[in-house]
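Enquirer: Have a look at the structure that comes next, please.
Chains as they are written, first to last, in the numbering used here: chain C, 1 to 152; chain B, 1001 to 1070.
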């Protein structure tokens, strides 16, 4: 299994854990009583912590991978070759982003439909939250699929 | 015109007594990319195809050829 595959698998687990954990945290903070302003604040916290968390996670993962490879080999060229993104990895990354927009749009449209049928503002934001979660999951999920099964 | 691109990369690599890892390091990609090319799961860029040709001192049409669907 390549470094890029492991990164996608751990990325998927991170995204899953983060969106489920953040949802649970919002529930404990009284999600049912959130005002529009509360939703704005919580969404900003969500996006900020997701981006920062993902960057920190990626950096830590690269460092751990480099240490593990360095234990096996002292050859710096081999370490760099193992953890570099080559043209195939970049293409897989690009193709994995194809459905992010689709899920984000589905989340938004789903939320609007819920509002149109008399649903609460909570349902609208939760539908968008689900769309964001699925977009994140689809990115890493598709990367794993292209790496392990289909090829590009 | 329908068909697929086939390659003889594995044959050339084995004949040159190279491992996938050695070849990957020589052309600057990961071992998994060489494996994917050999299995026909990935079509390399023109640049990488030229580098592979250089690695074996052969023109790229020796390594890659288009096979028409019958």
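Every residue gets a Cβ at the ideal spot worked out from N, C-alpha and C, and that includes glycine. Just so we're clear, the structure is a prediction, and the values are computed from it rather than from any experiment.
1) With distances taken Cα to Cα, identify the nearest neighbour of residue 32 of chain C among C:67, C:146 and C:120.
2) In the DSSP assignment, what residue or residues form a beta bridge with residue 1005 of chain B?
3) Any idea what DSSP makes of residue 120 of chain C, helix, strand or coil?
4) Among C:108, C:18 and C:7, which residue has its Cα nearest to the Cα of residue 59 of chain C?
5) Which bits of chain C does residue 1002 of chain B rub up against, with CB to CB less than 9 angstroms?
6) Suppose you measure from the CA of residue 53 of chain C to the CA of residue 43 of chain C; what does that come to, to the nearest Å?
7) What are the boundary residues of the alpha helix (DSSP H) that includes residue 1057 of chain B?
8) According to DSSP, simplified to helix, strand and coil, what is residue 38 of chain C?
9) What three-state label does DSSP hand residue 1046 of chain B in the structure shown?
10) Let me confirm a value: residue 92 of chain C is counted as buried when at least 16 other C-beta atoms fall within 10 Å, else exposed. Which label applies?
11) Is the segment 83–103 of chain C close to the segment 1040–1050 of chain B, with three or more CB pairs under 8 angstroms?
12) Residue 1017 of chain B and residue 1031 of chain B - do their beta-carbons sit closer together than 8 angstroms?
13) Using a Cβ-Cβ cut-off of less than 7 angstroms, list which residues of the segment 32–47 of chain C approach chain B; keep chain order.
14) When the Cα atoms are used, what is the spatial distance from residue 103 of chain C to residue 38 of chain C?
15) Candidates C:85, C:118 and C:133: which alpha carbon is nearest residue 105 of chain C's?
16) Nearest chain B C-beta to residue 119 of chain C closer than 8 angstroms, yes or no?
17) Going by beta-carbon coordinates alone, are residue 154 of chain C and residue 137 of chain C separated by less than 8 angstroms?
18) Which chain C residues are close to residue 1032 of chain B, counting only those with a beta carbon under 7 angstroms from its beta carbon?
19) With 16 as the cutoff for other CB atoms within 10 Å, does residue 1063 of chain B come out buried or exposed?
20) Can you tell which of B:1070, B:1015, B:1059 and B:1006 has its C-alpha closest to the C-alpha of residue 1036 of chain B?
21) Which residues, taken in chain order from the segment 1035–1050 of chain B, show a beta carbon closer than 9 angstroms to some beta carbon of chain C?
Expert: In this structure, then:
1) Cα-wise, what sits closest to residue 32 of chain C is C:120.
2) Residue 1005 of chain B has B:1066 as its beta-bridge partners, per DSSP.
3) When secondary structure is reduced to three states using DSSP, residue 120 of chain C falls in the coil class, being assigned neither helix nor strand.
4) Comparing Cα positions, the closest option is C:7.
5) In chain order: nothing, as chain C lies at least about 19 angstroms away.
6) Going by the C-alpha atoms only, they are around 15 angstroms apart.
7) Here residue 1057 of chain B belongs to no alpha helix (DSSP H), and DSSP marks it neither H nor E.
8) In this structure, residue 38 of chain C counts as helix in the three-state DSSP scheme.
9) Reduced to three states, the DSSP call for residue 1046 of chain B is helix.
10) Using a 10 angstroms sphere on the CB of residue 92 of chain C, the tally of other CB atoms reaches 16 or more, which defines it as buried.
11) Yes, the segment 83–103 of chain C is in contact with the segment 1040–1050 of chain B.
12) No, the Cβ-Cβ distance between residue 1031 of chain B and residue 1017 of chain B is not below 8 angstroms.
13) Closer than 7 angstroms at the C-beta level to chain B, one finds no residue of the segment 32–47 of chain C.
14) If I take the Cα positions, the gap works out to 24 angstroms.
15) Relative to the Cα of residue 105 of chain C, the nearest Cα in the group C:85, C:118 and C:133 belongs to C:133.
16) Chain B, which has no Cβ nearer than 8 angstroms to the Cβ of residue 119 of chain C, makes this no.
17) Outside the shown range of chain C (1 to 152) lies residue 154 of chain C, about which nothing can therefore be said.
18) In chain order, 2 make up the part of chain C whose C-beta sits under 7 angstroms from the C-beta of residue 1032 of chain B.
19) Label assigned to residue 1063 of chain B: buried.
20) Nearest C-alpha to residue 1036 of chain B: B:1006.
21) Under the 9 angstroms Cβ criterion, the segment 1035–1050 of chain B contributes 1036, 1037, 1039, 1040, 1041, 1042, 1043, 1044, 1045, 1047 and 1048.
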